[in-house]
Amino acid sequence: MQLTDLHLGPDVTAAYLQRVVEQANAQSPDLIVLTGDFVSQSASYSRAVAEILADLRAPYGVFAVLGNHDVWVGADEVAARLTEVGITVLRNDRVQLFPRGDPLWLVGIEDAGALDCDAAGLEPGPWSEQHAAVTRLLADIPPAEARILLVHTPDFVALLPAGRLDLVLSGHTHGGQVRLPLVGAPIVPSCEGQKYAGGWVPGSPPVYVSRGIGLIAPAVRFNCRPELPVLRLRRAAA
Numbered sequence: 421m422q423l424t425d426l427h428l429g430p431d432v433t434a435a436y437l438q439r440v441v442e443q444a445n446a447q448s449p450d451l452i453v454l455t456g457d458f459v460s461q462s463a464s465y466s467r468a469v470a471e472i473l474a475d476l477r478a479p480y481g482v483f484a485v486l487g488n489h490d491v492w493v494g495a496d497e498v499a500a501r502l503t504e505v506g507i508t509v510l511r512n513d514r515v516q517l518f519p520r521g522d523p524l525w526l527v528g529i530e531d532a533g534a535l536d537c538d539a540a541g542l543e544p545g546p547w548s549e550q551h552a553a554v555t556r557l558l559a560d561i562p563p564a565e566a567r568i569l570l571v572h573t574p575d576f577v578a579l580l581p582a583g584r585l586d587l588v589l590s591g592h593t594h595g596g597q598v599r600l601p602l603v604g605a606p607i608v609p610s611c612e613g614q615k616y617a618g619g620w621v622p623g624s625p626p627v628y629v630s631r632g633i634g635l636i637a638p639a640v641r642f643n644c645r646p647e648l649p650v651l652r653l654r655r656a657a658a
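Residue numbers for the sequence shown follow my numbering, beginning at 421 and rising by one.
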């Protein structure tokens, strides 16, 4: 299960997020990943959101990466509060799990807090540390072992080393928040336009971009409901 873009703050209440956690637990997920933007506008919300997320239950654990809003308000503070309640925060790091005995790697990349675009897409300069980290973290993982990347901003996919990942889970775009008939989402915070507006993006690797849970100003969703995606992973045919 993936939760992303909770944005506890002026526009998203603790009571709403508590209901989200209850709904998440009702699905009995094996594994929960949190792909960033836990708070909005102030790190002072980080303790409250961590206390809410502390109630998440999954036998293989709860893992998180930070998003651009977390970086803007104070990455260390947000990460510390999440860690205190037992959530594993992957800050350019990785962890190996063995669900049902099969090796599975989660690689977590922390957001750079920048979305600068050039003619080719995401401007790589601000993401140089993240690019070096993901290259290093993937280098010695055997290709036969499943590799999932958690990164808040889906545009980072353009900077990934080829053939090293099986799946990428992202958020950030909120589905555009407003989706118009025949037009789609007029505004998507991405260098790739509507490509990452939400849902599956085929490719190598495939990417799932969740519409997320919360929102930011303007505090409205139109034809773009929040989501709590449950993904079922299957072993590839030999």
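In this text, a Cβ means the ideal position worked out from N, Cα and C, and glycines have one as well. These figures come from a predicted structure and were not determined experimentally.
A distance of 8 Å or more separates the beta carbons of G623 and R631. For A639, there is no enclosing beta strand (DSSP E), as DSSP marks it with neither H nor E.
In this structure the region 518-529 does not touch the region 492-503; the number of beta carbon pairs closer than 8 Å is below three. According to the DSSP secondary-structure assignment, G632 is paired through a beta bridge with no residue. For T573, the secondary structure class from DSSP, reduced to helix, strand or coil, is coil. The continuous beta strand (DSSP E) containing S590 extends over residues L587 to S590. The three-state secondary structure of I529, taken from DSSP, is strand.
Closest option to R655, judged by alpha-carbon separation, among S610, A605, H592 and A564: A564.
Per DSSP, the beta-bridge partners of F483 are V453 and T508.
Short of 7 Å from the beta carbon of V629, and not among the five residues preceding or following it, lie these beta carbons of its own chain, in chain order: P574, S590, G591, T593, Y616, G618, G619 and V621. In the structure shown, the three-state DSSP call for A478 is coil. Looking at M421, L437 and P430, the one whose alpha-carbon comes closest to that of I633 is L437.
Contact between the region 461-477 and the region 493-512 is present: three or more C-beta pairs spanning the two stretches fall below 8 Å. Where L517 is concerned, the enclosing beta strand (DSSP E) starts and stops at D513 to L517.
Secondary structure note for V441: its alpha helix (DSSP H) is the uninterrupted segment A434 to A446.
Annotated three-state conformation of V627 is strand, per DSSP.
At a Cβ-Cβ threshold of 8 Å, L648 and Q461 do not count as neighbours. Non-local beta-carbon contacts of A553 in its own chain, meaning distances under 6 Å to residues more than five positions away in sequence, involve N512 in chain order. Note that the C-beta distance between P449 and V650 is below 8 Å. Using a 10 angstroms sphere on the CB of I568, the tally of other CB atoms reaches 16 or more, which defines it as buried. For the 8 Å CB-CB criterion, L451 and A484 do not form a contact.
Burial is judged here by how many other beta carbons sit within 10 angstroms of a residue's own beta carbon; L454 has at least 16 and is buried.
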